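So the sequence shown is numbered by the numbering used here: it starts at 7 and just counts up by one.
Ideal Cβ placement from N, Cα and C applies to all residues, glycine included.
The structure presented is a predicted model; accordingly, all values stated were derived computationally and were not measured.
Working notes for the structure below.
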Amino acid sequence: MSYILLCFDVDGVFHTNEIDEPHISGNINPKLVEQLDDKLFAKSIVSPSPYYPKDSQNHSLFILHNKHENNEERYKNLLESYQYFTQIRREKPIISLYISDNEDIDQAKKANFHYIDNITFGKVLDSDLNASSINYDVCSCEHLELLHYGNDHSCMICMNSCKLD
Ligand SMILES: [Zn+2]
Ligand SMILES: [Zn+2]
């Protein structure tokens with residue numbers, strides 16, 4: 007069963023009640039990410055921030071791949087997450103996404119991930135990602151149909167509006 011790898015930055019991305027600072031508490035509801043089917047989505051945290059989403063026992067909701075604390079080494083956390091899931095699931099993800107508000111697109115590229123900004127990902131979460139199986143159909147923009155959202159069928163990777171007439 008193929009899956010999509012989701013790696014998250016924390017500060018400015020996940021909503022938190024731990025601290026009321028706009029640059030820390032972000033737009034994405036951790037519960038919605040938690041609810042995404044674990045068979046279809048592998049999820050991990052790649053930021054060293056202490057404000058990652060937690061359960062009632064104060065454990066991280068998602069696995070932490072955040073050993074490398076320097077922003078210039080973020081790609082190493084991405085690679086470690088990729089290797090971890092490839093090993094335990096015995097197959098590579100069909101696509102790997104890095105969700106961040108840092109505009110560190112270079113870090114995503116170094117690890118062969120697609121950079122998705124937190125605002126875009128939040129919109130997709132609110133609408134279209136609750137698939138029960140991965141639809142492998144590919145859009146004219148060459149990205150999975152699954153990664154499009156909204157009435158104009160926007161692609162969260164290339165940002166094209168792919169609506170067909
Ligand atoms: Zn498209
Ligand atoms: Zn696209």
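- prompt: CB-CB under 6 angstroms to I101, same chain, minus the five flanking residues each way: which ones, in chain order?
  reply: As a first step, residue 101 is located in the sequence shown; it is residue number 95 there, counting from the start. So the list reads I10, once near-sequence residues are dropped.
message: Taking the beta carbon of L85 as the centre, do at least 16 other beta carbons fall within 10 Å, making it buried, or is it exposed?
response: For the purposes of this step, residue 85 is taken as the residue at position 79 of the sequence shown. That one is buried.
message: Tell me which residues share the same chain as D107 and place their Cβ nearer than 6 angstroms to its Cβ, disregarding the 5 neighbours each side in the sequence.
response: In the sequence shown, the residue the question calls residue 107 occupies position 101. The residues are G18, V19, N124.
- request: For L67, name the three-state secondary structure that DSSP assigns.
  value: Looking up residue 67 in the sequence shown gives position 61. It is coil, neither helix nor strand.
field: C-beta atoms of I105 and F91 nearer than 9 angstroms
entry: Here residue 105 refers to the residue found at position 99 of the sequence shown. Here residue 91 refers to the residue found at position 85 of the sequence shown. No, they are not a contact pair.
- request: Using the DSSP secondary-structure output, state which residues sit across from K150 in a beta bridge.
  value: As a working note, residue 150 is residue 144 in the sequence shown. Going by the sequence as given, residue 150 is Leu instead of Lys. In DSSP, L150 forms a bridge with V144.
field: Chain-order list of residues whose beta-carbon lies under 6 angstroms from that of S55 (same chain, five-residue window excluded)
entry: Translated into positions along the sequence shown, residue 55 becomes position 49. Taken in chain order, the residues that qualify are V16, D17.
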